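Residue numbers (our numbering), protein chains in the order written: chain X, 13 to 59; chain V, 20 to 86. Positions of the beta carbon are idealized from the N, C-alpha and C atoms, including for glycine. Predicted model only: the values in this text are computed from it and were never measured.
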Amino acid sequence: MTNDTLTGLSVEEAEELHRNLIQGTQFFGMIAALAHLLAYIYSPWLK
Amino acid sequence: MIYGKIWTVVRPTVGIPLFLGAVAVGSFAVHLALLNNTTWVKAFLEGGQSTKSAASSMAPAAPLAKK
């Protein structure tokens, strides 16, 4: 029953994968936000 | 985790490269547009003014004197 899905992943596996994807996205987003803050401060962007 | 069940429907071998690729292509497109539509990204990549002025100050004064 656990692997009875279209992709063959169980719900637990799918949610574990999704947790890691969300965590990676948050990590990327934090670094990108910091980079954009620095770009805003040190460039004529939006000024 | 909300929406986690998507990977029971979309194969991760398709969905993850699609997701990361969309982020990469979108990001590249925005930065390329900035490079082509502003002056200051080009100027930044060209090098700082301090480097240019330092380089020109290091240059010999003779050509200027000839003018």
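- Close partners of V:F47 in chain X (Cβ separation under 8 Å) are lacking, with about 13 Å as the shortest Cβ gap.
- The beta carbons of X:A26 and V:T27 sit closer together than 8 Å.
- The C-alpha of V:K24 lies about 16 Å from the C-alpha of X:Q35.
- Assignment of V:Y22 by DSSP, reduced to helix, strand and coil, places it in the coil class.
- For V:K61, no Cβ of chain X is located within less than 8 Å of the residue's own Cβ.
- Interface annotation, X:L49: not in contact with chain V, CB-CB separation never under 8 Å.
- Per DSSP, the continuous alpha helix (DSSP H) segment holding X:R31 begins and ends at 23-54.
- By a beta-carbon distance limit of 8 Å, V:L54 contacts V:K61. Their separation comes to about 6 Å.
- Closest option to X:W57, judged by alpha-carbon separation, among V:Q68, V:T57, V:E65: V:T57.
- Taking 8 Å as the threshold, the shortest C-beta distance from V:V29 to chain X falls below it.
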